[in-house]
Each structure stands twice: as C-alpha cells, then as structure tokens.
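Engineer: Numbering (my numbering), first residue to last: 61 to 391. Heads up, the beta-carbon is just placed ideally off N, CA and C, and yes, glycines get one too. Since this is a predicted model, take the numbers as computed values, not measurements.
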Ligand code: TXA
Ligand code: MG
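1) Under the three-state reduction of DSSP, which class applies to residue 246: helix, strand or coil?
2) For the candidate residues 117, 129, 216, whose alpha-carbon lies nearest to that of residue 294?
3) Three-state secondary structure (DSSP) at residue 65?
4) Exposed or buried, what is residue 330 when buried is set at 16 or more other beta-carbons lying within 10 Å of its beta-carbon?
5) Alpha carbons only, please: which of 388, 292, 245, 359 is nearest the one belonging to residue 328?
6) Taking DSSP as the reference, what is the three-state secondary structure of residue 233?
7) Got a sec, what are the start and stop residues for the beta strand (DSSP E) residue 99 sits in?
8) Spatial neighbours of residue 368 within its chain, please: C-beta separation below 8 Å, excluding the five flanking residues on both sides.
9) Taking Cβ to Cβ, would you say residue 361 is nearer than 8 Å to residue 292?
10) Using only the alpha-carbon positions, how far apart do residue 261 and residue 166 sit?
11) Roughly how many whole angstroms lie between the Cα atoms of residue 198 and residue 388?
12) Taking buried to mean at least 16 other C-beta atoms within 10 Å of its own C-beta, is residue 258 buried or exposed?
13) Count the other CB atoms within 10 Å of the CB of residue 322; is the residue buried (16 or more) or exposed (fewer)?
14) Does residue 389 come out as helix, strand or coil in the three-state DSSP assignment?
15) For residue 239, does the three-state DSSP call read helix, strand or coil?
16) In the DSSP assignment, find the alpha helix (DSSP H) that holds residue 191 and state where it starts and stops.
17) For a test of the three-state rule: what should DSSP assign to residue 224, helix, strand or coil?
18) Could you please give me the residues that DSSP links to residue 302 through a beta bridge?
19) For residue 310, is the classification buried or exposed, using 16 other Cβ atoms within 10 angstroms of its Cβ as the cut-off for buried?
20) Relative to the ligand MG, is the shortest distance from any of its heavy atoms to the C-beta of residue 103 smaller than 7 Å?
21) How is the alpha helix (DSSP H) around residue 159 delimited, first residue to last?
22) On the three-state DSSP scale, how would you describe residue 257?
23) Quick one: does the C-beta of residue 237 sit closer than 7 Å to a heavy atom of the ligand TXA?
24) With 16 other CB atoms within 10 Å as the buried threshold, where does residue 272 fall?
25) Please report the straight-line C-alpha distance between residue 123 and residue 357, rounded to a whole angstrom.
26) Looking only at its own chain, which residues have a Cβ that is under 8 Å from the Cβ of residue 315, when we skip the five neighbours before and after it?
27) Is it the case that the segment 149–157 contacts the segment 98–113, given that we only count it when at least three CB pairs across the two stretches are under 8 Å?
28) With a floor of 4 residues, list each alpha helix (DSSP H) that falls wholly inside the segment 318–356, ordered by position along the chain.
29) Please classify residue 385 as buried or exposed, where buried requires at least 16 other C-beta atoms within 10 Å of its C-beta.
30) What three-state label does DSSP hand residue 70 in the structure shown?
31) Alpha carbon to alpha carbon, how far is residue 230 from residue 70? Give it in angstroms, no decimals.
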C-alpha cells in the first residue's frame, strides 16, 4: 500500500481521523515515542496493528484517550487513586491499567480483562483522537523488537508501505515509553518504568509504590517470575550492531570504551560509542542513537551505563540492558 504523509495541520489530522474511523492505521507523535494507532474498539484494527508490526498478539495495546474524562468509557472501575494520578499527571507519560468494559475487544487487550489507558501530552495526538471519535489503540510505531521511534523518519524507515498514513510531527521530547502502572491491586505497582517515577507516584498518593519484582534486574536471574505487563518479557530495542555496556567510574568507563574501540577497529570493525551526561538526555536520545548507529553501518555499539542512580536513570537502563542483551562489564 502507499503510505500517506500528513502534517499536523487540522485539515490533515481530520484526514487521519477518517482513516482511523474506517479501520485503517495511522502513526502519530506523542510526547514519549511515536505510536501506531487504530480504532481501539475494533478487533479488525487491533489485528492489523499486530500484523503491521509483526508483534505477538498476546502483547496488549495501550488505549489512548483525548481527555481524562473518557477513561470511564472503557474502564469499568476508576478508583480514587487512579483518579488522583490522572489529575496530577495527565495529559502525560503515564499509563494506568484498570478492569475493562466489554466494548474493548480481546484483540486490543491481548485477551486480558484489564485495559491500559493513557492520555498523551501532544496536541496533534489529542486532536487525532478527538476527531476520530473513538479511543485509539497504539503501541510504539516500530517493527517489533526494534528501538521505538522518536522521529517520524524512524517510523518511515520501519513501516513505509505497511500502514495507511504517518503524521510528520515533532521529535518526541520524552524519548522513552510511558510508565505503566497497575491500579488493580491495593497498592500501585510499576509494570514498566518510565519518566513518571515511583517517588512521584508516592508523592501524589501518599502510598508506597514499587516495581513489578519480575522486571528488576536480569531476566535470566529472575527464575519463574512472570512480568504482569506481557510486553516486558520480550527482547526489545535491539539494534543490528552488537552492543556492550560498561559500568564503573567515569574515567574507567571512558578508558575501557577507548581501548575496546581501538582493539575492534584494528580488526576492521566499525564502532559507535554512546556516553550521556544526564538521565533526561539519555532518555531523549537513546533510541535515535541506536538507530543512527545501525544506519551508519556500525558492527559494535560501546555504551556507558548511566552514572546517576535516580529513577529516570533506572528507566533508561531498563532499555539499555535489553538493547545490549544484558552484556554489561564492570570496569
Ligand atoms: O509511551 C507509550 O506508552 C507508547 C506511546 C505510543 O503511547 N506506547 C507504547 O505501547 O509503548 P507498547 O504497546 O509498545 O507497550 C505497551 C506496554 C507493553 O509492555 C504491554 O505489555 C503493556 O504496556 N500493557 C498493555 N496493556 C496491558 C494490560 N492490560 N496489563 C498489563 N500490561 C499491559
Ligand atoms: Mg513498544
């Protein structure tokens, strides 16, 4: 199929909304990463999303709404604590998991009886949802397994010819996907780390908030723990280049990367190096840098682990470790 390239002008967003209404797929910008959107209430649209991405169909999609009040159209319960989080963070990079209404088909939720809901902080995204008149199911707009797209050009590289339209919005300001929070138990639990940290959740609710134990550390050492967000069990964000991470003091890491780079280049290999100065910059740049290394034909990516131990660094490291297949050396 020929993919249509659209601007964020109202006229174009209305064309995109028409495509969503008639069952088609449109990639659109959000503040985290670009999403691949389809009508969340249509099992046909949900199936097309899985097909276009090559995604396993047991991995549920996030349902996007244009205004927090629309949550009660799709979630059967909207408990006080979920409401407090929504009031404080939405529109923003946070997804809440709640029991679903039957209008949301099993194809959208991967057969689960819960639905993941998010109100994104991007004007084009919210107009698209509003003009469509339906909630929009949207995973990240990449081929399954590849780094998530933070620019429309990344979406074009993965999905041109496979989807109906791409909205050419701004580069994403957040850069990593939203924090997914399970709100179905007594205490909120983070199923996927992101820019909304457990400390922030605790500050808003006055309740303890921890990560799903199954997503902490190396999955090879996590035994039988199964992540509650099915997507967290898959290999993700893999560049084509082989990626190695180094952890230690800034001097040691720089020295280790320099010497490994020299050694690899002697064998004729092409090497890209990645070192970030802050967790926020790392979040914003990581996926784009991985794609750039691949575009440059790198055989190896040598990257520094993040030096700070704040929760945003933790969220970025969650992605970097997956990209590197947990290949991390202490120096
Ligand atoms: O920032 C984001 O969240 C982006 C943009 C486009 O909004 N979307 C995104 O979607 O990252 P996706 O499909 O790539 O990731 C959705 C994650 C997966 O790990 C999935 O397993 C989890 O959310 N998830 C979705 N519905 C769930 C549910 N009902 N229960 C538990 N986890 C769920
Ligand atoms: Mg994804």
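Structural biologist: Taking the definition as stated:
1) One-based indexing of the chain shown puts residue 246 at position 186. Under the three-state reduction of DSSP, residue 246 is assigned to coil, being neither helix nor strand.
2) Looking up residue 294 in the chain shown gives position 234. Distance check between residue 294 and each of 117, 129, 216 places 117 closest, using alpha-carbon atoms only.
3) Along the chain shown, one-based indexing puts residue 65 at 5. Note: residue 65 maps to strand in three-state DSSP.
4) Translated into the one-based positions of the chain shown, residue 330 becomes position 270. Exposed, because fewer than 16 other Cβ atoms sit within 10 Å of the Cβ of residue 330.
5) Residue mapping note: residue 328 aligns to position 268 of the chain shown, counting from 1. Comparing Cα positions, the closest option is 359.
6) Here residue 233 refers to the residue found at position 173 of the chain shown. Of the three classes helix, strand and coil, the one that applies to residue 233 here is coil, per DSSP.
7) Start at 1 with the first residue of the chain shown, and residue 99 comes out as number 39. It spans 95–99 - the beta strand (DSSP E) in which residue 99 sits, taken as one unbroken run.
8) In the chain shown, the residue the question calls residue 368 occupies position 308. Answer for residue 368: 338, 339, listed in chain order.
9) Taking the chain shown and counting its residues from 1, the one referred to as residue 361 is at position 301. Taking the chain shown and counting its residues from 1, the one referred to as residue 292 is at position 232. No. Outside cutoff.
10) Sequence index remark: in the chain shown, residue 261 carries index 201 (1-based). Sequence index remark: in the chain shown, residue 166 carries index 106 (1-based). Roughly 29 Å between the two C-alpha positions.
11) As a first step, residue 198 is located in the chain shown; it is residue number 138 there, counting from the start. As a first step, residue 388 is located in the chain shown; it is residue number 328 there, counting from the start. A direct Cα-Cα distance of roughly 32 Å separates residue 198 from residue 388.
12) On the chain shown, position 198 is the one that residue 258 refers to. The residue is buried, with at least 16 neighbouring Cβ atoms inside 10 Å.
13) Here residue 322 is taken as the residue at index 262 of the chain shown, counted from 1. With fewer than 16 Cβ atoms within 10 Å of its Cβ, residue 322 is classed as exposed.
14) Position 329 of the chain shown, counting from 1, holds the residue named residue 389. In the structure shown, residue 389 sits in a strand (DSSP, three-state: E or B).
15) One-based indexing of the chain shown puts residue 239 at position 179. Here residue 239 sits in strand by DSSP.
16) Residue 191 sits at position 131 when you count from the first residue of the chain shown. Taken as a continuous stretch (DSSP letters only), the alpha helix (DSSP H) holding residue 191 covers 183–192.
17) As a first step, residue 224 must be located in the chain shown, where it is residue number 164. If DSSP states are grouped into helix, strand and coil, residue 224 belongs with coil.
18) Looking up residue 302 in the chain shown gives position 242. Beta-bridge partners assigned by DSSP to residue 302: 360.
19) Here residue 310 refers to the residue found at position 250 when the chain shown is read from its first residue. Answer is exposed; the Cβ neighbour count stays below 16.
20) As a position in the chain shown, residue 103 is number 43, starting the count at 1. No, the beta carbon of residue 103 sits no closer than 7 Å to any heavy atom of the ligand MG.
21) As a position in the chain shown, residue 159 is number 99, starting the count at 1. Looking at the DSSP string, residue 159 is not in any alpha helix (DSSP H); the run it does join, the beta strand (DSSP E), is 154–159.
22) On the chain shown, position 197 is the one that residue 257 refers to. The DSSP-derived three-state label of residue 257 is coil.
23) As a working mapping, residue 237 is identified with position 177 in the chain shown. Flag set: Cβ of residue 237 near the ligand TXA.
24) On the chain shown, residue 272 is found 212 positions in, with the first residue counted as 1. Result: buried.
25) Against the chain shown, residue 123 aligns to sequence position 63. Against the chain shown, residue 357 aligns to sequence position 297. Going from the Cα of residue 123 to the Cα of residue 357 covers about 36 Å.
26) Taking the first residue of the chain shown as 1, we reach residue 315 at position 255. Cβ within range, chain order: 391.
27) Contact between the segment 98–113 and the segment 149–157 is absent: fewer than three C-beta pairs spanning the two stretches fall below 8 Å.
28) Listed in chain order, they are 339–355.
29) Taking the chain shown and counting its residues from 1, one reaches residue 385 at position 325. Exposed is the call here.
30) Position 10 of the chain shown holds residue 70. Looking at residue 70 - three-state DSSP - the assignment turns out to be helix.
31) Locating residue 70 in the chain shown gives position 10, where the first residue counts as 1. Locating residue 230 in the chain shown gives position 170, where the first residue counts as 1. Residue 70 and residue 230: Cα-Cα distance of roughly 15 Å.
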